[in-house]
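Single-structure report; data block below.
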Amino acid sequence: MTLENIDFTITTNSSILIILLILSLGYSYFIYRYTIPKTSTFVKSILIGLRSLALFLVIAILFEPALNLSYLQKNEPINILLIDNSSSIVNKDSTNRSNKINNFIIDYKNMVSSNIQIATFGKEPELVNSKKEIALNFQDPITNYEKLAPFVQEQKENIATITILSDGIITDGSNSTIEIEKLNIPVFTIAIGDTTKPFDIEIKKVEFNKLIYLNNTTEITGIISNQNFGNKNVIISLINTSGVVEQKQIKLHDSGVNNISFFYKPTEIGKQNLRLTVSQLNEEETYANNKYPFVIDVLNDKTNVIIIAGAPSADLSFMSQSLVRNDKIKLNKIVQIAESKFLDNKFSSKIDSADVIFMLDFPTSKTPTNLLKTVSDNINLKNTPYFLILSELTDYKKLNTFDKLLPFNIKSILPGYSLVQPKIISGGNGIIKNLSYWSNLAPIKMNSSRIDTKIGSSLLATSGTRIGQNESPLLFTSKVGSSRNIVFNGFNFWKWQLQSDDRLENLFDAFLSNSIK
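When the sequence shown is numbered by my numbering, its final residue is 546 and no position is left out of the sequence of numbers.
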């Protein structure tokens, strides 16, 4: 850093300042012409000089003088070279590609005249000494581009360009380029490696139900991708520990993707080790991805269902009778009959063993904290599916304590209720059958409190539209990962058992059974 310029400025014309300086000098001389007692000419001169200087400084301050010192600092631009050090870059022709990369580094140093910073990246970016010969081992197991932008920002230099030398195969982190674009720095990419698509067939994914019941048929869907094998015939096999369950021959699609489905019916309880395989073709890059193993857990055909109720009610009786009639269900109940008093106080083991939890009039203002925690822990940690029925006894403040587990947001808590008629929007993949029959059911009650479904929820029914009212979600499902939930925002549905229409007699039974499935 060097001093380049000195500049003195004032807020008025300099000629005025000079005139005032002369006047201050004259005034000082006039004051000290005659002194008592008399002094020598030398002393008079000092006194006149000091007074003149004092007056001049006062006058100068009034005119706001400014002294500007300008310094010059030269910032040389930095060019960053990022080199992919992952193993994928040299998995073929390792010696040849390694030599090409080292030659490019030498040429880059010779051609770029300004300062250079060189870094390698794979799992993490790492600076290397650009003045020495760089030894690349190409042994990083992954390639992460997501960490490049933060690494460049940390350098705190005047960066002119970024050059990335890579094969472009991203195996970790995001493949988004937005963060690099936000740097607003020119980026140059040098591609190295084999850019041709290899001949290959791969089972990309298998979709299946992780939990199924004994002797129940389930669908297994495989997604098969191919490169350069369009219109070739292959055989897809579903195999278990006993051997081939089923085989199908398909013609590989030109688009590169085929979907194929198998129907599997387990005959044993427990974990079933299965795999999907595709027959091998000549010229395939690898046969390692021609198989896809997976595990299905087969349960007893009896489903353990538990009803947790905050109080006895007609709805509880109606729902219990409906579930008992299903011979595929083993029903347990936890019913609170008074504060801290239940029909059965040993509720922890019942909840832990439940496959599905029904919650009615729950939680209430009198629900004990330990019961609420046991239920929320099972739903949160074990992903136990639940069916929640919101009623007039539901305490929304307590319910909001495990908000993250709910597929809806509580917008407002209001007293009262209204009569509503179910308006079916969707059958929910078989949960609701005979959709037109539901409009003939008796009206039920819905709380005045307002709720909104969260993203990822599927709306099956609303409250319908009445004068002065908006539609509210009445029945909706949520499917997040392995978690399955259903919420019914209504009560007093016990009246549905009083329907005189024979077609409606088993409607509620089928609805509960399909919901559990």
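Here a beta-carbon is modelled for each residue, glycine too, at the ideal position from N, C-alpha and C.
Item: Quick one: what's ALA220 bridged to in DSSP?; Value: SER195
Item: Counting only runs that start and end within the region 461–512, where is the beta strand (DSSP E) found for 3 or more residues in a row?; Value: 473–476, 479–482, 486–491 and 502–509
Item: Would you give the residue range spanned by the beta strand (DSSP E) that LEU267 belongs to?; Value: 262–269
Item: Going by alpha carbons, who is nearest to ASN287 out of THR393, ILE232 and ILE335?; Value: ILE232
Item: I'd like the span of the alpha helix (DSSP H) that includes PRO179, first residue to last.; Value: 177–183
Item: How would you label THR31, buried or exposed, when you count the other beta carbons within 10 angstroms and need 16 or more for buried?; Value: exposed
Item: Using a threshold of 9 Å, state whether the C-beta atoms of GLY457 and SER486 are closer than that.; Value: no
Item: Just to confirm before moving on: does the CB-CB distance between ASP530 and ARG354 stay below 9 Å?; Value: no
Item: Measure the C-alpha to C-alpha separation of ILE77 and LYS67 and round it to an integer number of angstroms.; Value: 14 Å
Item: Going straight from the alpha carbon of GLU236 to that of ASN245, what length do you get?; Value: 17 Å
Item: Taking just the CA atoms, how far does SER116 sit from ASN173?; Value: 13 Å
Item: Can you name, in chain order, every residue of its own chain whose Cβ lies under 7 Å from the Cβ of PRO444, other than the five neighbours on each side?; Value: SER477
Item: Could you tell me if PRO322 is buried or exposed, where buried requires 16 or more neighbouring beta carbons within 10 angstroms of its beta carbon?; Value: exposed
Item: To the nearest angstrom, report how far apart ILE515 and ARG479 are at their CA atoms.; Value: 17 Å
Item: Taking 9 Å as the threshold (C-beta atoms), are ASN262 and LYS277 in contact?; Value: no
Item: Evaluate GLU313 with the Cβ neighbour count: other Cβ atoms within 10 Å of its Cβ, from every protein chain shown; 16 or more gives buried, anything less gives exposed.; Value: buried
Item: Along the chain, where does the alpha helix (DSSP H) containing LEU84 start, and where does it finish?; Value: 70–91
Item: Kindly give me the distance between the Cβ atoms of VAL141 and THR149, rounded to whole angstroms, as I take these residues to be in contact under 8 Å.; Value: About 18 Å; that fails the 8 Å criterion.
Item: How about ASN5 and ASN361: are their beta carbons less than 9 Å apart?; Value: Summary: the structure shown does not reach residue 5, with the chain confined to residues 30 through 546, and so no result is reported for it.
Item: On the DSSP letters alone, give me the boundaries of the alpha helix (DSSP H) that ASN409 sits inside.; Value: 398–410
Item: Quick check on the DSSP output: the beta strand (DSSP E) that includes ALA164 runs from which residue to which?; Value: From DSSP, ALA164 is part of no beta strand (DSSP E); its letter is neither H nor E.
Item: Determine, using beta carbons only, whether SER468 and LEU434 come nearer to each other than 9 Å.; Value: no
Item: Under 7 Å Cβ to Cβ from GLU248, same chain only, skipping five residues before and after it: list those, please.; Value: SER290 and PHE292
Item: Which residues in the same chain as SER203 place their Cβ atom closer than 6 Å to its Cβ, once the five residues preceding and following it in sequence are excluded?; Value: GLU175
Item: Tell me whether TYR63 is buried or exposed, calling it buried when 16 or more other Cβ atoms sit within 10 Å of its Cβ.; Value: exposed
Item: Considering ILE289, what are the terminal residues of the beta strand (DSSP E) in which it resides?; Value: 286–293
Item: Measure the Cβ-Cβ separation of PRO215 and ILE191 and say whether it is below 9 Å.; Value: yes
Item: If you draw a straight line from the alpha carbon of GLN168 to that of MET388, how long is it in whole angstroms?; Value: 55 Å
Item: Nearest to GLU105 by CA position, among PRO179, ASN139, GLU186 and ILE163, is which residue?; Value: GLU186
Item: Below 8 Å, how does it come out for the region 449–456 and the region 409–427: are there three or more Cβ pairs, yes or no?; Value: no
Item: Using a Cβ-Cβ cut-off of 7 Å (strictly less than) and excluding sequence neighbours within five positions of ILE366, which residues of its own chain qualify?; Value: PRO341 and LEU372
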